[in-house]
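To keep things clear, I will list the structure first and then write my remarks on it.
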Amino acid sequence: MEHKEYNIPFSGLKQGKHQFEYQIENTFFESFGYEEFNAAAISVDVGLNIASTMLELDFDANGTVNVLCDVTGEPFDQPVASNLQLVVKFGEAYNDEDDEILIIPHGEHKINIAQYVYEMLVLAVPQKRTHPGIADGTLKSEALDRLDALRPKEIKENKDDNDPRWDALKKLITDK
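See the structure below:
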């Protein structure tokens, strides 16, 4: 799917800085076949600096994605913040093998940034997703109650209790 709304037509713009803003919702991720978020509300600001021989793009994203907690299965809003710098140069053929440098053919008049926005945002979400209410104790859920009931009881270690199996080894250390 070509995301036409993420095309930046730079050929008619003057040299210097330009700003673009995008509001990312869950339909954006679904269009890539990515369905791990329940909802998304992310603002992406893109600064474009046009120089005579290249373009510089500076992406800055802030917002939230609604995900399920890995521990409890409860949905929560995970804050997302990320930035990315991309240099666009002109060459003989399209080449996006480098993460930070994109080469587009001479004569190209627009650049589509959808793939860069998608990758930046998906990578900004932590691998382990833990509801903030677990850490501060405010989340009440059946899953947490069950985990607490299954937690092993504390074992008190008494330094006076010696395990006779270790005595022979301790003797070797003290014999030196």
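Numbering (numbering that gives the first Met the number 0), first residue to last: 0 to 175.
Using N, Cα and C, we set each Cβ at its ideal position, and we do this for glycine too.
Task: Heavy atom of the ligand NAP within 8 Å of Glu-1 beta-carbon - done: Judged by which ligands are present, the structure shown has none, so any question about the ligand NAP falls away.
TODO: With DSSP as the reference, label Pro-125 as helix, strand or coil.
DONE: Start at 1 with the first residue of the sequence shown, and residue 125 comes out as number 126. Correct three-state label for Pro-125: coil.
- [ ] Can you check DSSP and say which residues form a bridge with Lys-88?
- [x] Within the sequence shown, the letter at position 89 stands for residue 88. Partner(s): Met-53, Ile-102.
Open item on the list: Taking the straight line between their C-alpha atoms, what separation do you get for Phe-28 and Arg-164?
Closed with: Locating residue 28 in the sequence shown gives position 29, where the first residue counts as 1. Locating residue 164 in the sequence shown gives position 165, where the first residue counts as 1. Going from the Cα of Phe-28 to the Cα of Arg-164 covers about 59 Å.
Task: Backbone secondary structure at Pro-8 - three-state DSSP - done: Numbered from its first residue, the sequence shown carries residue 8 at position 9. Here Pro-8 sits in strand by DSSP.
- [ ] Can you have a look at Ala-39 and say buried or exposed, based on whether 16 or more other CB atoms are within 10 angstroms of its CB?
- [x] Here residue 39 refers to the residue found at position 40 of the sequence shown. Buried, because 16 or more other Cβ atoms sit within 10 Å of the Cβ of Ala-39.
Task: CB of Lys-77 within 9 Å of CB of Pro-151, strictly - done: For the purposes of this step, residue 77 is identified with residue 78 of the sequence shown, where counting begins at 1. For the purposes of this step, residue 151 is identified with residue 152 of the sequence shown, where counting begins at 1. Here residue 77 is Gln; the residue named in the question, Lys, does not match the sequence. Going by C-beta atoms, Gln-77 is not nearer than 9 Å to Pro-151.
- [ ] With a threshold of 16 other CB atoms inside 10 Å of the CB of Ile-172, please say whether the residue is buried or exposed.
- [x] Taking the first residue of the sequence shown as position 1, residue 172 is located at position 173. Exposed is the call here.
Open item on the list: So for Asn-37, helix, strand or coil by DSSP?
Closed with: Numbered from its first residue, the sequence shown carries residue 37 at position 38. Reduced to three states, the DSSP call for Asn-37 is coil.
Task: Residues near Phe-19 by beta carbon distance below 7 Å, same chain, minus five either side - done: Taking the first residue of the sequence shown as 1, we reach residue 19 at position 20. So the qualifying residues of the chain are Ile-7, Val-45, Leu-47.
- [ ] Taking Asn-111 as part of the alpha helix (DSSP H), name the residues at either end of that continuous run.
- [x] Along the sequence shown, read from residue 1 onward, the residue named residue 111 stands at position 112. No alpha helix (DSSP H) holds Asn-111; the beta strand (DSSP E) holding it covers 109–111.
Open item on the list: Just to confirm the assignment, what range does the beta strand (DSSP E) spanning Phe-27 have?
Closed with: Here the question's residue 27 lines up with position 28 in the sequence shown. It is not in any beta strand (DSSP E) - Phe-27 instead sits in the alpha helix (DSSP H) that spans 25–29.
Task: Nonlocal neighbours in the same chain, by C-beta distance under 7 Å from Gln-36, ignoring five residues either side - done: Counted from its first residue, the sequence shown places residue 36 at position 37. Sequence inspection shows Phe at residue 36; the Gln mentioned does not correspond to that position. Cβ within range, chain order: Asn-25, Phe-28, Val-64, Asn-65, Val-66.
Task: Own chain partners of Leu-122 with C-beta closer than 8 Å, once the 5 adjacent residues on each side are dropped - done: Mapped onto the sequence shown, residue 122 falls at position 123. Here the set comprises Ser-81.
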